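Worksheet for the structure shown next.
Number of protein chains: 2
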Amino acid sequence: MRIGDLAEKSGLSTDTLRYYEKIGLLPKPLRDAGGRRVYDETILRWIDFLARLKSTGMGISKRQRYAELRTKGAASLKARRIMLEEHRQKVSDDIAALTGMLTVLDEKIDLYKRMEAGETVDPAFENCARTEHGARSGLKGRTDDKRTGAGSRADPET
Amino acid sequence: MRIGDLAEKSGLSTDTLRYYEKIGLLPKPLRDAGGRRVYDETILRWIDFLARLKSTGMGISKRQRYAELRTKGAASLKARRIMLEEHRQKVSDDIAALTGMLTVLDEKIDLYKRMEAGETVDPAFENCARTEHGARSGLKGRTDDKRTGAGSRADPET
DNA sequence: TCTTGACCTGGAGCGCGCTCCAACCTGTAA
DNA sequence: TTACAGGTTGGAGCGCGCTCCAGGTCAAGA
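From first to last, the protein sequence lines are chains A and B. The first sequence lines up with residues 25 to 182 when you count with the numbering used here. The second sequence lines up with residues 25 to 182 when you count with the numbering used here.
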């Protein structure tokens, strides 16, 4: 299997495959007589797992670290397991954050629908109040925030 | 409230606040006699919501579009609702993908623990098999893939 | 033999989202 | 009055993750 075939099967471009090899995410493949890379089908599983790590928020440097450990075989099992456990925690936290956002969006969409229908709604109570006591999305909320009195503006995003 | 206070309360740096203003995410604030930006507390809600949009995967150009719509007030309600509905779908999809990854990680972590304990496990069946029929994380899987026979390697990530 | 297309390498460029810097201005407090 | 913290602007720089390009090699088919 040459790089073009692997590109097609993996969904990555040939440029990306060579780039991944260069930065150590992919092992150096064998070469044919003409110097072209020759891949084993099994590399697809690794690429698949790498893609999953990436798409679930693991950055390049950690994927590099994981790939490096992988080359060490069984000796690195524990270290890899620890990395996976840390990533599991991150994924779990991300799910919680996204789920919270889903609620916020549902409320906002509902509010907008009612406003579009001409209903008179005070958005400060509907939406912002929740934004206040809901998950704070990483902002440094201060307990003693004294927000100016609720609801003089008619804009839900405020 | 000046930019330093807002930075502290919002969790963004003063540089980022000015950058957000420059690219249109934040409205141009009033200035005091000395030309310094003066903010109303209500801006915090907008920054909070922007941060949530960002942390749930909405890129700058869409946030710019949304911010632009917001400046148009009630006239843009429907357009904003549609954007939020689209984002809701994306968030929902992301939750599904992350949840799938959680399962993959749990299985892998479990497998590694057993391997660390010296158990003889053929990883091709435990792990790769699932990777095969599970969610494919965006890779262009081919139905007619003929992977080389399962389980000659002892490396779970393969 | 000649063409064609897939491959090779090294390095430049790019979009995102900031982050930092130089050089300057302002208002308060000792 | 002088020091100093905290503002202002424009513009450069940066880390990530590719993506593209120039200039060349290689091998199979007409």
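Yeah, the Cβ is synthetic: ideal placement off N, Cα and C, and Gly gets one too. Here the structure is a predicted model, which is why all the values come from computation and not from measurement.
Query	Result
Proximity test, Cβ basis, 8 Å: T123(B) and chain A	yes
Local conformation of F149(B) per DSSP, three classes	Since pLDDT at F149(B) reaches only 43, below the 50 mark, its modelled position is unreliable, and the value read off the structure follows with that caveat. Three-state DSSP puts F149(B) in a helix.
Cutoff 8 Å: T127(A) Cβ touching any chain B Cβ	no
is_contact[T38(A), chain B] using C-beta, thresh 8 Å	no
Members of the stretch 97 to 125 of chain B near chain A, C-beta cut-off 8 Å	G97, A98, L101, K102, R104, R105, L108, E109, H111, R112, V115, S116, D118, I119, A121, L122, T123 and M125
Whole-number beta carbon distance between R112(B) and I133(A), since they are thought to touch under 8 Å	7 Å
The stretch 131 to 145 of chain B: positions lying closer than 8 Å to chain A by Cβ	K132, I133, Y136, K137, M139 and E140
Three-pair Cβ contact test at 8 Å for the stretch 80 to 91 of chain B versus the stretch 53 to 62 of chain B	no
Where the stretch 80 to 95 of chain A meets chain B: residues whose CB sits under 7 Å from a CB there	T80 and R94
Three-state class that DSSP yields for L54(B) in the structure shown	strand
Cβ neighbour criterion (16 or more within 10 Å) applied to L50(B)	buried
Other residues of its chain near V10(A): CB distance less than 6 Å, five sequence neighbours each side excluded	Any property of residue 10(A) remains undetermined from this structure, which presents chain A solely from 25 to 182.
The ligand COA heavy atom lying under 7 Å from the CB of A141(B)	Among the components of this structure there are no ligands whatsoever, and the ligand COA is therefore not found.
Rounded C-alpha distance that separates L101(A) from D64(B)	54 Å
Proximity test, Cβ basis, 8 Å: R76(A) and chain B	yes
Proximal residues to R104(A) (C-beta, below 8 Å), its chain only, five neighbours per side dropped	Y90, L93 and R94
Continuous alpha helix (DSSP H) stretch holding T95(A): start and end	I84 to T95
Residues near L74(A) by beta carbon distance below 7 Å, same chain, minus five either side	L49 and R87
7 Å CB neighbourhood of A159(A) in its chain, flanking five on each side removed	Any reading at A159(A) needs caution, since the residue's pLDDT is 37, under 50, leaving its predicted position unreliable; the model's value is listed next. Cβ neighbours of A159(A) beyond the five flanking positions: A121 and G124.
Cβ-Cβ distance between L68(A) and K33(A) below 8 Å	yes
Environment of L108(B) [buried if 16+ CB atoms lie within 10 Å]	buried
CA-to-CA distance, L126(A) to D117(A), given in whole angstroms	14 Å
K52(A) to Y44(A) span [Cα, whole Å]	10 Å
Spatial distance of I27(B) from I84(B) (CA atoms)	21 Å
Where R112(B) sits in the DSSP three-state scheme	helix
First and last residue of the uninterrupted alpha helix (DSSP H) at T40(B)	T38 to K46
Residue from V128(A), E143(A), A141(A) and M25(A) with nearest C-alpha to L77(B)	V128(A)
I119(A) vs I119(B) beta-carbon contact at 8 Å	yes
Alpha-carbon spacing of Y136(B) relative to D130(B), whole angstroms	10 Å
Strand pairing of V128(B), partner residues [DSSP]	DSSP, once it has assigned bridges, lists no residue as partnering V128(B).
Under the three-state DSSP convention, the category R26(B) falls into	coil
For R76(B), the residue or residues it bridges with in DSSP	Paired residues: none, contrary to the question.
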